[in-house]
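Enquirer:
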Amino acid sequence: MRRAELFAADHLQPGEMEAVDAHGWPVLVARLPDGYRAVLNRCSHVAAALDGGRIRRGAIQCPKHGAMFNLDNGHCIGGAYQPLRIFPAGVADGAVFVDVPDEAPTINDLPVVGI
């Protein structure tokens, strides 16, 4: 795993999120009341970026079709979609970090919109 330092720990308030590029991985970082979570910034259903969605009760809602994904484990709540990929995230030395794989993502790692 490769660590990416992102921003100051107080940059986001609880309930806020930000899309970042972490060594080539599109990551959505969300601050919840009990800490930070990080998921692949792509809906597993239609490959929409999730950063246009809303955080509700520890889940991210896809802005494209409304599917809800638990930010702790990536599982879809109330749907049959594949879970989101989650990444370890936290705070160290006053900065938010996310750990992503050493290798850059491939087409197999990133859901794409079907034609």
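The sequence shown begins at 1 in UniProt numbering and counts up one residue at a time.
For every residue, glycine included, the Cβ atom is placed at its ideal position computed from N, Cα and C.
Within a Cβ cutoff of 6 Å, which residues of the same chain sit near I115, ignoring the five residues on either side of it in sequence?
Expert: Note that I115 scores a pLDDT of 44, beneath 50, so its modelled location is shaky; the value from the coordinates is reported in the next line. Once the five neighbours on either side are set aside, I115 has no close Cβ partner at all.
Enquirer: Can you tell me which of the three DSSP states L6 falls into?
Expert: In this structure, L6 counts as strand in the three-state DSSP scheme.
Enquirer: Taking the alpha carbon of R37 as the point to measure from, which residue in A67, H23 and Q13 has its own alpha carbon closest?
Expert: Checked all of A67, H23 and Q13; the closest Cα to R37 is Q13.
Enquirer: Tell whether a beta-carbon distance below 8 Å holds between G74 and I55.
Expert: The answer is no: Cβ separation not under 8 Å.
Enquirer: Less than 8 Å separating the beta-carbons of residue 117 and A48?
Expert: Summary: the structure shown does not reach residue 117, with the chain confined to residues 1 through 115, and so no result is reported for it.
Enquirer: Identify the continuous beta strand (DSSP E) that holds E16 and give its terminal residues.
Expert: No beta strand (DSSP E) holds E16; DSSP gives it neither H nor E.
Enquirer: Tell me the rounded alpha-carbon separation between D102 and E18.
Expert: Spanning the two alpha carbons is a distance of roughly 22 Å.
Enquirer: State buried or exposed for M68, treating a residue as buried only when at least 16 other CB atoms are found within 10 Å of its CB.
Expert: Buried, since its Cβ has 16 or more Cβ neighbours within 10 Å.
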